[in-house]
Structure formats: C-alpha cells, structure tokens
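**Student:** Encoded as structure tokens, here's the structure I'll be asking about.
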Amino acid sequence: MREYRWKDFILSNPAVVDQNAHVDEADKNSGRGNWASKKEYILSTIGYAVGLGNIWRFPYLAYKNGGGAFLIPYFVMLVLAGIPLYFLESALGQFCSQGPIHVWRAVPILQGVGVAMVIVTFILSTYYNAIMAYCLHYMFASFQSSLPWSRCFSWTNSNCGNSSMANWTTDNMTCPSSDIILVPAQSPSEQYWDHTVLQRSGGIEETGPIVWQLALCLLLSSILVGAALVRGIKSSGKVVYFTATFPYVVLVILLIRGVTLEGARDGIEFYIGSQSNLTKLYEAQVWKDAATQTFFSLSIGWGGVMTLASYSKFHNSTLKDSFIVTLTNAGTSVLAGFAIFSILGHMAHVYQMPVGEVVKEGFGLAFIAYPDALSKLPVSPLWSFLFFFMLLTVGLDSQFGAIEVISTCLIDSFPTSLTSKHATLTVMINVFVYLLGLPYVTQAGIYWVTLVDQFVASWVILILVLLEIIGFIYIYGGDRFILDAEMMLGKKSCAYWFWWKACWFFISPCVIVVILIWSLMSFTPPTYGTVPYPAWALALGWCTESFILLWIPLIAVYKLIREQGTPWERVKSLCSPSEHWHPYLVVHRGERYAEGRCGRINNNNLTRPEPSLNIISNTLL
Numbered sequence: 007m008r009e010y011r012w013k014d015f016i017l018s019n020p021a022v023v024d025q026n027a028h029v030d031e032a033d034k035n036s037g038r039g040n041w042a043s044k045k046e047y048i049l050s051t052i053g054y055a056v057g058l059g060n061i062w063r064f065p066y067l068a069y070k071n072g073g074g075a076f077l078i079p080y081f082v083m084l085v086l087a088g089i090p091l092y093f094l095e096s097a098l099g100q101f102c103s104q105g106p107i108h109v110w111r112a113v114p115i116l117q118g119v120g121v122a123m124v125i126v127t128f129i130l131s132t133y134y135n136a137i138m139a140y141c142l143h144y145m146f147a148s149f150q151s152s153l154p155w156s157r158c159f160s161w162t163n164s165n166c167g168n169s170s171m172a173n174w175t176t177d178n179m180t181c182p183s184s185d186i187i188l189v190p191a192q193s194p195s196e197q198y199w200d201h202t203v204l205q206r207s208g209g210i211e212e213t214g215p216i217v218w219q220l221a222l223c224l225l226l227s228s229i230l231v232g233a234a235l236v237r238g239i240k241s242s243g244k245v246v247y248f249t250a251t252f253p254y255v256v257l258v259i260l261l262i263r264g265v266t267l268e269g270a271r272d273g274i275e276f277y278i279g280s281q282s283n284l285t286k287l288y289e290a291q292v293w294k295d296a297a298t299q300t301f302f303s304l305s306i307g308w309g310g311v312m313t314l315a316s317y318s319k320f321h322n323s324t325l326k327d328s329f330i331v332t333l334t335n336a337g338t339s340v341l342a343g344f345a346i347f348s349i350l351g352h353m354a355h356v357y358q359m360p361v362g363e364v365v366k367e368g369f370g371l372a373f374i375a376y377p378d379a380l381s382k383l384p385v386s387p388l389w390s391f392l393f394f395f396m397l398l399t400v401g402l403d404s405q406f407g408a409i410e411v412i413s414t415c416l417i418d419s420f421p422t423s424l425t426s427k428h429a430t431l432t433v434m435i436n437v438f439v440y441l442l443g444l445p446y447v448t449q450a451g452i453y454w455v456t457l458v459d460q461f462v463a464s465w466v467i468l469i470l471v472l473l474e475i476i477g478f479i480y481i482y483g484g485d486r487f488i489l490d491a492e493m494m495l496g497k498k499s500c501a502y503w504f505w506w507k508a509c510w511f512f513i514s515p516c517v518i519v520v521i522l523i524w525s526l527m528s529f530t531p532p533t534y535g536t537v538p539y540p541a542w543a544l545a546l547g548w549c550t551e552s553f554i555l556l557w558i559p560l561i562a563v564y565k566l567i568r569e570q571g572t573p574w575e576r577v578k579s580l581c582s583p584s585e586h587w588h589p590y591l592v593v594h595r596g597e598r599y600a601e602g603r604c605g606r607i608n609n610n611n612l613t614r615p616e617p618s619l620n621i622i623s624n625t626l627l
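Per the working numbering, the very first residue in the sequence shown carries number 7; after that it's consecutive.
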C-alpha cells in the first residue's frame, strides 16, 4: 500500500506544513540555522580556503618549479583532484546538514575518519593561532617612524649586516688570517625575527621562558576569534564581509606599488615571466608539488568544507559554489605571487643581488625577506602595517573555520544541552586553544610550530582524504551519492556525471596514492634552518600522527563490538547507512528517505518546532 505517499502525509499534517512553510527564507533550519545570505557563505568558504600558504608558499613553489610553467600542473591537478573533492565534501555537508563526524552516518564503520579530521583541525588551530600572534607582533611593531628591522640597531649583535659574509676574529684585526673565522652575516630583519620576536633558543630541547609579547598577541588573537564566533555563523558571517575582502584590496595595492619600483620586472620574470622553464614539466617533483599545494590550499580533509556547507540551504547550488571557491583560491595564489615577487625584485635591485638569493619560503618569506623588502620603500611603516594586517585577516578567516568545525561537531553530538550555549562553548574552545598554544610562544616555540606543520599537516591529511573517497564512493556508493546530490541539484544526465565519476572512482584516488607513496619514500627529517631535531622530537611527531589515525580502527572495533549478529553481518551493517542518515529537515527527505524510515517518526516528533532535537541523539558516535 505505497500509494499513500510521504508527500501526501506531509500535506495532510498542518503542523508539518507550518514547520516548513518558510523553506525559502534565509533561516529555514530552526534547529541548526542557515547562512543569512549566499554572500556570507561564499565569503566564509573563500576566507577558509585562502590561507597563509597562498601568500607565502605558492609563489615560492612557482619560482622553484619553472615559473609560469608551474601553472600548467597546478591547474591540471586543480581540475583532476581539487575541484572534484571539494565538491564531494561540500555536497556531503549540505545534504545531511551535519559536521565531519556525523556525516559518517552514511558509512558508520569509518566514523573514526571524522573524529580524526576534528583532532587534526584542533591541533592545527593551536599553531595557526601562534602564527597570527607573529602577525600581530609585526603589525604593532609597524607603528614606528622607522621600522625596527630596517637597519642594525642596538639590539642586534655584531653579526648584523647586509653583506653576504661578515668577518669575526678570535682576538683582533691584527691577528693572522688563520685566526679569522668567516661567519654568515644576518640581515637586520633576520636578526629581528630570531632575537626580538622569537627570542629563539638553540633547539627544541631548550624550551626557555614564555615570550610575554607573543603571549599577549596570542591572547588577542584568541579574543578576536572568540568575539567573531560568539554567535556562530550569525556573527562570523558578518565579519567575513571585511576579513575575506580586505586581503584582496591590500594585494592589489601592494601589486600596484610593487610594479612601479625599480627592479620589479626582474622579480616578476623570476616568478612567472620569460624565465619560465617548460622542461620542468618532465620532472615528477613538479607535479607532486602542484598536487600537494592544491590539496592543502583548499583545506580538503580538514572537515571545514563540510562544516561550512552544512549551514547552506538544502537546494543551494553547491556545484557552482565549488567552482567559485576553488578558482578564486587559485587566482589568489597567482595574484599574491605577483605582489610578492615585484617587491622582492626591487629588494634584489637595492642589494645588487640575484632575485634567487633573496627569495625564501614560508616563515622566511613572510617574516624575513618581505619585511626586509618593505623596509626599503618610502613610508615603509604604512606598507608593513598593511601587509601584516592582511596576513592577520587571512589567518583569522581560516581560524574561524577551524573553531567552527570543533563547535559544530560538539553541538551536533549534544544538541539538547549545547545548542543554547553556543557562546559559552566558543569561549571555552578558544581558552583551550590559547592554553595549548602557549608552548608555541616560548623561546623554542618556532621549533614546535615547524614540527606540527611537518607532521600533522602532511601525510595525515592525505590518508584521511583517501579514506573519505573509499568510504563515500566505494562503500556508500558513488551512484548512491549522485542520487543524493540530485535531490539538492535536480535531475542530471549520465553524461553530466561522467567526468565526476571518473575523478572520484579513479583519477583523484590515484593522485593521492602516488603523492602519499612519494612523500613517504622521499621523507627527510625536518629541520628549522640548519638546526636539526633530536630523535625524541621526531618520535613525538610520528606518535602524534599515530594518535590521530588510531581513532579510525578504535572506533570501528568499538562499533563492531556493539553491533549484533555474526562478524560478517556486523561488518555489512556498519558499511550500510544508519537510520539517521538523511536530509536534516523532513520536507527534504522525499520518498527515498521516507520509505522504510517514516515508521520511526510519529506525529508528535514531527510537530516539534526544532527538528534537530528529534532526529539527532545526544551522542558523539
């Protein structure tokens, strides 16, 4: 007797109709909430995707891997893996309106992958907060008539200078030449970074005291993030109107100023000009770097894409949004490269050095090379302030997404007790992030930041993304996922999905496997500059990775023990969607998720004003 359709049941119950009568309004999901507008969602996702790596890593990779030639493998990898996987994650989050833990109700046996994503995000949020503290320190230091790293002041040592080598004698200048030791000179900006900002110790084993200036900047960073997220997406959605757009204003200003400087053309030539080396395309390392940059710049596998998409309207065009965000992210990287290298070209001209000798990667580019270049400009404090304020806003957007992942997963797990306490929960999370970030602002802090960056933000992410593809495409089923997507996007032809299926089933997982194997085979112990890490620090890095991944088998075994039936029946059951896997609101479930499930829902549950309290149990797993 299936002629009595679920749609007819909905229409015959006025309470249900009233509950979902305003589905086209901005905040249709009374249980969880929605983005107030499409603009807020797009700006939030762009802000989350565009991180510090777009500014200080991509330009260096392009320079190192053939200049303009690097754009070919970069955009190829974006099309083959970046866009398909971004679309996969955003569609999953939007379909069930849940965070990265509960989205695994589709494949319960792999729910540990979602837990691992949240742990990764939490760990990375602590060190990302420290990087924003560095930016705040430099931003405040820019409020001086003369930048403190513009030349050798009283705080520098005798090794400060602009030449490539500085002489130091064991006695005095009348000593024989055999007593003269050549010591590499440090620029004022390098000494400022090491001795004033970091107060860097000799190694990770020399912890030293907390650098109080950085601790205060770390506190301010936590306060800014907490204030922006105190009401969740309702407040952060307003903040991103500034934080997501301001970096582009500054990049354009820096680019315009940079290209007018003497020597700027040399810098751009090194970055992406006539010195581009197409023969680099025959080197596998170039393709590996392009794929790695694509994955990490889009924040795939961190849980943030799913979380932000979970607050979208059910019928939002997530495919279109995926193209907008991924292409904007790639375009930002290219734009940042022009802004960075035009000014580095001017710096090389001032020092009368090749551009290649002033280019650095990561922290060296953001906190040594570029500040040094800015100090050579007229009105240098203004340019320095704009640059570090831009880095701060870029970091804040990424931190917003990270903290939202944690709070969303907790609220989704315990909606009855935490939904009304979002502000308190956000404050508590930021307090924990601040306290766990204090080791990063000790004198050995930069060593811990580098260690976490090398171990947590690397292979772990690739493994999680690979398991994500296996879970949703191979176990849950790519065809079943497509049917879910069509409930949101509308019916599409088989030809429409051909390319996406080819990427999800074959191309993307192959790319990830190749990168993962290559990375493991070419692994070299991390260092900070010339300072190596002791064996115990490397062991700690491997233990951290193991701790994150260990949750996947532990939760799988826990669920198998609790399941009933024979071992095979338990595995089969946990590889099938649970009864809670469906669109969040009843009105969106249609016949696919009504049949065989509507018997579990009675009229009383349907008439409640907040559906989330009825369909989501108070449990993490």
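Where a beta carbon is used, it is the ideal one built from N, C-alpha and C, also for glycine.
1. Can you tell me where the alpha helix (DSSP H) with residue 519 in it begins and where it stops?
2. From 403, 545, 419, pick the residue whose C-alpha is nearest to that of residue 244; which is it?
3. Please return the same chain residues whose Cβ sits closer than 6 Å to the Cβ of residue 579, not counting the five positions on each side in sequence.
4. Measuring alpha carbon to alpha carbon, tell me which residue in 112, 137, 122, 126 is nearest residue 443.
5. Hey, residue 261 and residue 345: beta-carbon distance below 7 Å or not?
6. Around the C-beta of residue 534, are 16 or more other C-beta atoms found within 10 angstroms, so that it is buried, or is it exposed?
7. Going straight from the alpha carbon of residue 193 to that of residue 452, what length do you get?
8. Going by DSSP, what residue range makes up the alpha helix (DSSP H) through residue 302?
9. Do residue 332 and residue 488 come within 7 Å of each other at the CB atom, strictly closer than that value?
10. For the alpha helix (DSSP H) that contains residue 486, what are its first and last residues?
11. Would you call the CB atoms of residue 368 and residue 113 closer than 7 Å?
12. Taking only three categories from DSSP, how would you classify residue 78?
13. Does DSSP put residue 447 in a helix, in a strand, or in coil?
14. Could you have a look at residue 533 and say whether DSSP puts it in helix, strand or coil?
15. If I measure Cβ to Cβ from residue 274 and keep anything under 6 Å in the same chain, skipping five residues before and after, which residues do I get?
16. Distance, Cα to Cα, residue 464 vs residue 220?
17. My output table needs one value for residue 306: the three-state DSSP class, helix, strand or coil.
18. Locate the alpha helix (DSSP H) running through residue 48, then write down its first and last residues.
19. Grab me the residues of residue 401's own chain with a C-beta within less than 7 Å of its C-beta, minus the 5 sequence neighbours each way, in chain order.
20. Taking a contact to mean a Cβ-Cβ separation below 7 Å, would you say residue 231 touches residue 405 in this structure?
21. For residue 166, which of helix, strand or coil comes out of DSSP?
22. For residue 216, which beta-bridge partners are listed by DSSP?
23. What residue from 393, 436, 119 has the CA that sits closest to residue 407's CA?
24. Rounding to the nearest angstrom, what Cα-Cα distance links residue 523 and residue 263 in this structure?
25. With 16 other CB atoms within 10 Å as the buried threshold, where does residue 292 fall?
26. Any idea if residue 633 is buried or exposed, counting beta-carbon neighbours within 10 angstroms, 16 or more meaning buried?
27. Helix, strand or coil for residue 243 per DSSP?
28. Assess contact between the region 95 to 109 and the region 545 to 557, defined as three or more Cβ pairs (one per stretch) separated by less than 8 Å. Is contact present?
29. Just mark residue 215 as buried or exposed, buried being the case when its beta carbon has 16 or more other beta carbons within 10 Å.
30. What does the alpha-carbon distance come out to for the pair residue 175 and residue 165?
31. Can you give me the C-alpha to C-alpha distance between residue 49 and residue 123, rounded to a whole angstrom?
32. Please state whether the Cβ-Cβ distance between residue 304 and residue 55 is less than 7 Å.
33. Going along the chain, which residues of its own chain have a beta-carbon closer than 8 Å to the beta-carbon of residue 572, five neighbours each way excluded?
34. Given a threshold of 16 other Cβ atoms within 10 Å of its Cβ, counted over all protein chains shown, does residue 212 qualify as buried or as exposed?
35. In or out: residue 536 buried (at least 16 other Cβ within 10 Å) or exposed?
36. By the 10 Å Cβ neighbour count, where 16 or more other Cβ atoms means buried, how is residue 567 classified, buried or exposed?
**Tutor:** On the basis of the supplied data:
1. Under the DSSP assignment, residue 519 falls in the alpha helix (DSSP H) whose first and last residues are 514 to 527.
2. Distance from the Cα of residue 244 is smallest, within the candidate group 403, 545, 419, for 403.
3. Counting only residues of its own chain and dropping the five nearest sequence neighbours on each side, residue 579 has a CB closer than 6 Å to the CB of 569.
4. It is 137 whose Cα lies nearest to the Cα of residue 443.
5. In this structure, residue 345 lies closer than 7 Å to residue 261 by Cβ.
6. Residue 534 is buried by the Cβ-count criterion.
7. If you take the alpha carbons of residue 193 and residue 452, they lie about 19 Å apart.
8. 290 to 303 is the span of the alpha helix (DSSP H), which, as asked, contains residue 302.
9. In this structure, residue 488 lies away from residue 332, with their beta-carbon atoms at least 7 Å apart.
10. It spans 484 to 495 - the alpha helix (DSSP H) in which residue 486 sits, taken as one unbroken run.
11. Contact: no.
12. Helix.
13. The answer is helix: DSSP assigns residue 447 an H, G or I state.
14. Three-state DSSP puts residue 533 in a strand.
15. So the qualifying residues of the chain are 347, 348.
16. A direct Cα-Cα distance of roughly 26 Å separates residue 464 from residue 220.
17. Of the three classes helix, strand and coil, the one that applies to residue 306 here is coil, per DSSP.
18. The continuous alpha helix (DSSP H) containing residue 48 extends over residues 44 to 55.
19. Hits under 7 Å: 58, 134, 137, 138, 141.
20. In this structure, residue 231 lies near residue 405, with their beta-carbon atoms less than 7 Å apart.
21. When DSSP states are grouped into helix, strand and coil, residue 166 belongs to the strand group.
22. Partner residues in the beta bridge of residue 216, as assigned by DSSP, are 448.
23. Among 393, 436, 119, the Cα nearest to that of residue 407 is on 436.
24. Rounded to the nearest angstrom, the two C-alpha atoms are 43 Å apart.
25. With 16 or more Cβ atoms within 10 Å of its Cβ, residue 292 is classed as buried.
26. Nothing about residue 633 can be reported from this structure: the residues present for the chain run from 7 to 627 only.
27. Three-state DSSP puts residue 243 in a helix.
28. Taking 8 Å as the limit for Cβ pairs, the verdict is that the region 545 to 557 does not touch the region 95 to 109.
29. The residue in question, residue 215, is exposed, as its Cβ has fewer than 16 Cβ neighbours within 10 Å.
30. Interpretation of residue 175 is limited by its pLDDT of 35, a score under 50 that renders its predicted location unreliable; no figure is taken from the coordinates.
31. C-alpha separation (whole angstroms): 23 Å.
32. Taking 7 Å as the Cβ cut-off, residue 304 and residue 55 qualify as a contacting pair.
33. When the five nearest sequence neighbours on each side are left out, no beta carbon in the same chain lies closer than 8 Å to the beta carbon of residue 572.
34. Classification for residue 212: exposed.
35. That one is exposed.
36. Flag for residue 567 reads exposed.
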